[in-house]
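**Q**
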Amino acid sequence: MVTEEEVHLTVVIPAFEEVARLEPTLRRVRAYLDGQTFSSEVLVVVDGGSDGTLSLVRKLASDWNSLTVLHNESNFGKGLAVRRGMLVGRGRYLLFSDADLSTPIEEVEQLIAALGRGCDIAIGSRALSGSDVRLRQVWWREMMGRFFNVLVRGVVLPGIRDTQCGFKCFRRDVARRIFSRQRIARFCFDVEVLWIGRKLGYRVVEVPVVWVNDPSSRVHPIRDSLRMLFDLVRLRYNDLRGHYRQDEDVQK
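All residue numbers for the sequence shown refer to this note's numbering, where the first residue is 231 and numbers rise by one.
#1: Taking Cβ to Cβ, would you say Leu297 is nearer than 9 Å to Val312?
#2: On the criterion of 16 or more Cβ atoms from any shown chain inside 10 Å, does Gln412 qualify as buried, or is it exposed?
#3: Less than 8 Å between the CB atoms is what I'm expecting for Arg401 and Tyr323, so what's the real figure, rounded?
#4: Would you tell me roughly how many angstroms separate the C-alpha atoms of Leu331 and Val440, rounded to the nearest one?
#5: Return the residue from the list Pro254, Thr240, Phe326 and Leu284 that minimises the CA-CA distance to Ser269.
#6: Run through the DSSP bridge pairs and tell me what His488 is partnered with.
#7: Quick check: the segment 388 to 397 against the segment 331 to 343, are there 3 or more CB pairs under 8 Å?
#8: Report, in whole angstroms, the separation of the C-beta atoms of Cys399 and Leu325, which I expect to be a contact under 8 Å.
#9: Beta-carbon separation of Ala405 and Gly319 under 9 Å?
#10: My understanding is that Met458 touches Phe378, with C-beta atoms under 8 Å, so please give their C-beta distance in whole angstroms.
#11: Nearest to Leu256 by alpha carbon, out of His473, Glu336, Ile351 and Ser359?
#12: Could you tell me which uninterrupted beta strand (DSSP E) segments, each at least 3 residues in length, are contained entirely in the segment 377 to 462, listed from first to last along the chain?
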C-alpha cells in the first residue's frame with residue numbers, strides 16, 4: 231500500500247454516463263503514468279448514471295492497483311464529483327481532468343512545473359498565445375464560452391482568460407482548503423474553486439496547453455447559459471453569507 235506521503239500525483243476524473251469515452255481515456259492515462267518514475271493514483275468518481283460506466287471502471291480497476299472507483303448513487307453534478315475526489319486524493323499534487331481527455335494527460339507536466347515555480351494553482355488554458363487548440367468547438371459553443379469568460383472576468387475573476395478548461399492542478403494542502411468550501415455542484419464550480427482560491431490568498435497561474443475538442447457535446451445552449459448565470463449569482467450570494475471565509479477549515 232502506498233502511503234499519502236509517497237504519492238506524487240493524484241488524477242481525479244469525474245464520470246457521468248461516460249462508458250463510450252472512458253476506457254480509451256483510462257488506457258491513455260495508465261500508459262502515461264506507467265512510464266513515469268513518480269508514484270501516482272487515479273480516482274474515477276462515477277456520478278450516478280445507468281449506462282455501465284461503473285461496471286467498466288470496476289473491471290479496469292481489477293488489474294490496475296492504482297485505480298480507485300468512488301461511486302455516487304445519484305447524479306450530484308460534476309462539481310461535487312470533483313470535490314469528492316479532491317478531498318480524498320493522497321497525492322502531493324492533485325489534478326482533475328475531464329473524462330474526454332480533451333487536454334492530453336501529458337500536459338500535466340506543464341502544470342506541475344508551474345506549481346514547482348511557486349504558484350498554488352495551475353490551470354490549463356486554451357486562451358493564451360502558446361495554447362494549441364487543434365480542433366475547435368462549434369461556433370455557438372465558442373460564442374457561449376467567450377461571453378461567459380468576459381462576464382466572469384468582469385464580475386468575479388479579473389485576469390483569468392479561461393476558467394472552464396477541465397484540466398487543473400493543485401497542491402494537496404491548497405486543494406483541501408479550497409474544496410472543503412466548495413458548494414456549487416455543476417456548471418460554475420470551476421469559477422467557484424478559483425474564486426475561493428483567490429479569497430484564501432492563493433496564486434493562480436494559467437498555463438497554455440494542447441486542447442482537442444470532443445464533438446459529442448451535452449451542452450444545451452439556452453438552458454445551460456441560464457444555469458451558468460444563475461450559478462454566478464449563487465456564488466456571490468454564498469460569499470455574502472460568509473461561506474468562503476478564511477477563518478475555518480471544515481471538511482463538509
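Ideal Cβ placement from N, Cα and C applies to all residues, glycine included.
For clarity, every value in this text was computed on a predicted model and none was experimentally measured.
**A** Working from what's here:
#1: For this step, residue 297 is matched to residue 67 along the sequence shown. For this step, residue 312 is matched to residue 82 along the sequence shown. No, the Cβ-Cβ distance between Leu297 and Val312 is not below 9 Å.
#2: The sequence position of residue 412 within the sequence shown is 182, counting from 1. Taking all protein chains in view, the Cβ of Gln412 is crowded by 16 or more other Cβ atoms within 10 Å, so the residue is classified as buried.
#3: Locating residue 401 in the sequence shown gives position 171, where the first residue counts as 1. Locating residue 323 in the sequence shown gives position 93, where the first residue counts as 1. Right, their Cβ atoms sit about 6 Å apart.
#4: Sequence index remark: in the sequence shown, residue 331 carries index 101 (1-based). Sequence index remark: in the sequence shown, residue 440 carries index 210 (1-based). Put simply, the backbone Cα of Leu331 is about 11 Å away from that of Val440.
#5: Within the sequence shown, numbered from 1, the residue matching residue 269 stands at position 39. The shortest C-alpha separation from Ser269 is found at Thr240.
#6: The chain is shown from 231 up to 482; residue 488 falls before or after that span and cannot be answered.
#7: Under the Cβ criterion (8 Å, minimum of three pairs), the segment 388 to 397 counts as touching the segment 331 to 343.
#8: Mapped onto the sequence shown, residue 399 falls at position 169. Mapped onto the sequence shown, residue 325 falls at position 95. Indeed, because the Cβ distance is near 4 Å, the residues count as touching under 8 Å.
#9: Within the sequence shown, residue 405 is the residue found at index 175, counting from 1. Within the sequence shown, residue 319 is the residue found at index 89, counting from 1. Annotated as proximal: Ala405 and Gly319, with beta-carbon spacing under 9 Å.
#10: Your numbering for residue 458 matches position 228 in the sequence shown. Your numbering for residue 378 matches position 148 in the sequence shown. The pair is a contact, with the Cβ atoms about 6 Å apart (cut-off 8 Å).
#11: Within the sequence shown, the letter at position 26 stands for residue 256. Of the candidates His473, Glu336, Ile351 and Ser359, Glu336 places its Cα closest to the Cα of Leu256.
#12: Runs of the beta strand (DSSP E) spanning 3 or more residues and lying entirely within the segment 377 to 462 occur at 397 to 401, 434 to 438 and 440 to 442, in chain order.
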